[in-house]
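Asker: One structure follows; several queries about it will come next.
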């Protein structure tokens, strides 16, 4: 019984170590060399380089350009840099699966209202006649 418990403990530790290595690898990032250009093409290159799937409406990327991506970045940061200036953001959906959607615009804040009462010159008061 003690042997079996020790065996499960060892398996649990090995699994935890493997998961932590995977997380550390994802945080460390990958090296990307994607030049600027049409967003649809750059998304395909990025998906292949990052080993992910990207789902999006073709209309959402039509006539949009990506600034490209050069350097070593964690996946989330790399995705954000690739989409910079496009009005799109990535949302993780499943393991290694992402959905592109438009960035929700915060409602414009109205300027604070400042009511000013115009200065009125005092009227000349005359005694009744």
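Residue numbers (our numbering): 410 to 538.
We put the beta carbon where it would ideally sit given N, CA and C, even for glycine.
Note that the structure is predicted; figures quoted are calculated from it, not measured.
Closer than 8 Å by C-beta to residue 446: which residues in its own chain qualify, once you throw out the five before and the five after it? Chain order, please.
Answerer: The residues 474, 475 and 477, in chain order, have a CB closer than 8 Å to that of residue 446 in the same chain once the five nearest residues on each side in sequence are set aside.
Asker: Please report how far the alpha carbon of residue 503 lies from the alpha carbon of residue 459, in whole angstroms.
Answerer: Cα to Cα, residue 503 sits roughly 15 Å from residue 459.
Asker: On a Cα-Cα basis, can you pick out the residue from 453, 480 and 467 that is closest to residue 437?
Answerer: 480
Asker: With DSSP as the reference, identify every bridge partner of residue 442, one or two as the case may be.
Answerer: 479
Asker: Residue 510 by DSSP, collapsed to three states: which one?
Answerer: strand
Asker: My output table needs one value for residue 521: the three-state DSSP class, helix, strand or coil.
Answerer: It is coil, neither helix nor strand.
Asker: Name the DSSP beta bridge partners of residue 447, please?
Answerer: 474
Asker: For residue 451 and residue 513, what's the separation of their Cα atoms in angstroms?
Answerer: 23 Å
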